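What follows is one structure encoded as structure tokens, with my remarks underneath.
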Amino acid sequence: EALGPAAFIGRARVAPLRNTGAALSPFNAFLILQGIETLHLRMERHCDNAQKVAEFLRDHPQVEWVNYAGLPESPDHALAKKYMNGRASGILSFGIKGGQEAGARFIDALQLILRLVNIGDARSLACHPASTTHRQLNDEELAKAGVSRDMVRLSIGIEHVDDILADIQQALDAAK
94 EALGPAAFIG
104 RARVAPLRNT
114 GAALSPFNAF
124 LILQGIETLH
134 LRMERHCDNA
144 QKVAEFLRDH
154 PQVEWVNYAG
164 LPESPDHALA
174 KKYMNGRASG
184 ILSFGIKGGQ
194 EAGARFIDAL
204 QLILRLVNIG
214 DARSLACHPA
224 STTHRQLNDE
234 ELAKAGVSRD
244 MVRLSIGIEH
254 VDDILADIQQ
264 ALDAAK
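In my numbering, the protein residues as written are 94 to 269.
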């Protein structure tokens, strides 16, 4: 107490160092370096795959809408071209015809794409926010959060794009 805020600041700096160490282990440093050195290759694959998935979904009769900055009709397309060399990202969302029930059936039918709510993995991931991360919200709250009941979010991985598209197609078939 005599030192006031300085005591808290000192503890905030020292406690994590005591618990985790001041330096990475050699193996952890190696893994991080490997990840950094190959990041540009993985991002190219993420973005190329996501572009193909977005185009596939845009033209699919069971899909109401697609939100992906790599598509020319996206309001963010010019920004993606200007700031990201035309490669939008590996993440997109789409609206499936049939609403929340169809979205849940789609997610349940996926075989290659994993049902996880995180993003940025090397593997393709899918989430139906209205039945998972935002399930406690009513329609008004969902709208304020930018989520609709038909929305499916995909984080596209680096698998072969034909495998990703085949999984999406069979899941859309199952969601009918």
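Cβ atoms here follow ideal geometry from the backbone N, Cα and C, with glycine treated the same way. All of these numbers come straight from a predicted model, not from anything done at the bench.
Checklist entry - Relative to the C-alpha of Gly163, which residue among Pro154, Gln155, Asp152, Met177 is closest? => result Met177
Fill in: Alpha-carbon spacing of Gln127 relative to Ala197, whole angstroms
37 Å
### Task
Go through its chain and collect everything with a Cβ distance to Arg208's Cβ below 7 Å, but skip five positions before and after it.
Ile200, Ala219
Spatially closest choice to Gly183 from Ser118, Leu132, Gly250, by CA coordinates
Gly250
Which partner residues does Ile189 have in the DSSP bridge list?
Val156
Item to check | Val240 versus Gln262: straight-line alpha-carbon distance, rounded | outcome: 23 Å
- Which residue spans inside the region 124 to 173 form an unbroken beta strand (DSSP E) run of at least 3? 156 to 160
### Query
Of all the options Arg104, Leu172, Leu247, which has the alpha carbon lying nearest to the alpha carbon of Leu203?
Leu247
- request: List the residues that DSSP assigns as beta-bridge partners of Ile184.
  value: Ser248
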